[in-house]
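J.:
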């Protein structure tokens, strides 16, 4: 069975970002972003299981930004948010702790399409600084100190491929996986950082990258791929392969149930 926890969000618009923010072991909330009623701003809502409450500061920060795919990641009590839309471009990075939404830990943080936590740092991929696009680049934070991190945009980054832009980030097997459309790269650690090509199999959409224990699963225009423990990816699409080949996989998303 099921139960309703609240009304639909603003004007019944589609959800553009969704995340289970685990701030601490005892404090967590569901976060959702959505276009506002006039489809020109992005709003942020949270729920602890009994309806939805808007975080008003988000609509101010993300005014004139709509249809944004907002991506989120947690670390040291903060939820980090980035995002991009094909019409309005990048949103300004922001963090949330409790119900406080603001710029804490985002000083010098580049704009980005994708975000993930790997080991003890936040990583962002396919980035932009003041309108200068760096689609092959991944930036990362310092290690947290009392919940505080810094961004070193002169040294705290690495790049992959230089011909295909980054299309997603994944994490498993104590490795960071960086995807482009047709390739994937495996990164170990930061100091030292070891990067190598993982496979000639890319990913069409960051939101298809999911973990189930030692399995990492993702999708591209050729099928659904699975790697066990970092082994060579295997196409497990089976009978749905024709559906995938005739779909726009760049807008796909997935969940493990």
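Residue numbers (the working numbering): 9 to 265. Beta carbons: idealized from backbone N, C-alpha and C, even for Gly.
(1) Excluding the 5 residues preceding and the 5 following residue 144 in the sequence, name in chain order all residues of the same chain whose CB lies nearer than 7 Å to its CB.
(2) Compute the distance between the beta-carbons of residue 69 and residue 100, then report whether it is under 8 Å.
(3) In terms of residues, what are the limits of the beta strand (DSSP E) holding residue 93?
(4) Identify every run of the alpha helix (DSSP H) within the stretch 47-119, keeping only runs that are complete inside it and at least 4 residues long; order them along the chain.
(5) Please report the distance separating the alpha-carbon of residue 183 from that of residue 127.
(6) Please state whether the Cβ-Cβ distance between residue 198 and residue 148 is less than 8 Å.
(7) What's the gap between the Cα of residue 180 and the Cα of residue 196?
(8) Closest to residue 237 by CA distance: which of 210, 194, 264, 229 is it?
(9) Once you ignore the five residues that flank residue 245 on each side, which residues in its own chain have a CB closer than 7 Å to its CB?
(10) Once you ignore the five residues that flank residue 77 on each side, which residues in its own chain have a CB closer than 7 Å to its CB?
(11) Using the beta-carbon count (16 or more within 10 Å), is residue 206 buried or exposed?
(12) How do the stretch 55-71 and the stretch 29-47 stand: do at least 3 beta-carbon pairs fall below 8 Å, yes or no?
(13) Are the CB atoms of residue 137 and residue 118 nearer to each other than 8 Å?
(14) Measure the C-alpha to C-alpha separation of residue 142 and residue 10 and round it to an integer number of angstroms.
(15) Distance check for residue 12 and residue 177, CA to CA, integer angstroms please.
(16) How should residue 121 be labelled, buried or exposed, when 16 other C-beta atoms within 10 angstroms of its C-beta is the threshold for buried?
(17) In terms of DSSP beta bridges, what is residue 185 paired with?
(18) Between the C-alpha atoms of residue 258 and residue 228, what's the straight-line distance to the nearest angstrom?
(19) Which one of 247, 50, 157, 31 has the shortest CA to CA distance from residue 21?
(20) Taking buried to mean at least 16 other C-beta atoms within 10 Å of its own C-beta, is residue 200 buried or exposed?
(21) From the DSSP output, in three-state form, read off residue 167 for me.
(22) Rounding to the nearest angstrom, what Cα-Cα distance links residue 71 and residue 52 in this structure?
(23) DSSP has residue 201 in a bridge; who is on the other side?
(24) My guess is that residue 96 and residue 125 are in contact by the Cβ rule of under 8 Å, so how many angstroms apart are they, rounded?
T.: According to the structure data:
(1) Here residue 144 has 167, 168, 169, 170, 173, 174 as same chain residues with Cβ atoms under 7 Å from its own Cβ, once five neighbours each way along the sequence are excluded.
(2) The answer is yes: Cβ separation under 8 Å.
(3) For residue 93, the enclosing beta strand (DSSP E) covers residues 86-93.
(4) Considered as a whole, the stretch 47-119 harbours 64-69 as its complete alpha helix (DSSP H) runs of no fewer than 4 residues, in chain order.
(5) Between residue 183 and residue 127, the alpha-carbon positions lie close to 9 Å from each other.
(6) Going by C-beta atoms, residue 198 is nearer than 8 Å to residue 148.
(7) Distance between the alpha carbons of residue 180 and residue 196: 11 Å.
(8) The candidate whose alpha carbon is nearest that of residue 237 is 194.
(9) Excluding residues up to 5 positions away in sequence, 231, 232, 252 lie with their Cβ nearer than 7 Å to the Cβ of residue 245 in the same chain.
(10) For residue 77, where only same-chain residues beyond five positions count, the Cβ hits under 7 Å are 24, 25, 91, 92, 93.
(11) Around the beta carbon of residue 206, 16 or more other beta carbons sit within 10 angstroms, so the residue counts as buried.
(12) As far as the Cβ criterion goes, the stretch 55-71 touches the stretch 29-47, which means the pair count is three or higher.
(13) Yes; because the gap between Cβ atoms is below 8 Å, this pair is in contact.
(14) In this model, residue 142 and residue 10 are separated by some 44 Å (Cα to Cα).
(15) Spanning the two alpha carbons is a distance of roughly 33 Å.
(16) Residue environment for residue 121: buried (at least 16 other C-beta atoms within 10 angstroms of its C-beta).
(17) In the DSSP output, where bridge partners are listed per residue, residue 185 has 178, 194.
(18) Residue 258 and residue 228 have their C-alpha atoms some 8 Å from each other.
(19) For the residues 247, 50, 157, 31, the minimum Cα distance to residue 21 belongs to 50.
(20) It counts as exposed.
(21) In this structure, DSSP gives residue 167 an extended state, which the three-state scheme calls strand.
(22) Going from the Cα of residue 71 to the Cα of residue 52 covers about 12 Å.
(23) DSSP output for residue 201 lists no bridge partner at all.
(24) The beta-carbon distance between residue 96 and residue 125, rounded to whole angstroms, is 26 Å. This is too long to meet the 8 Å contact definition.
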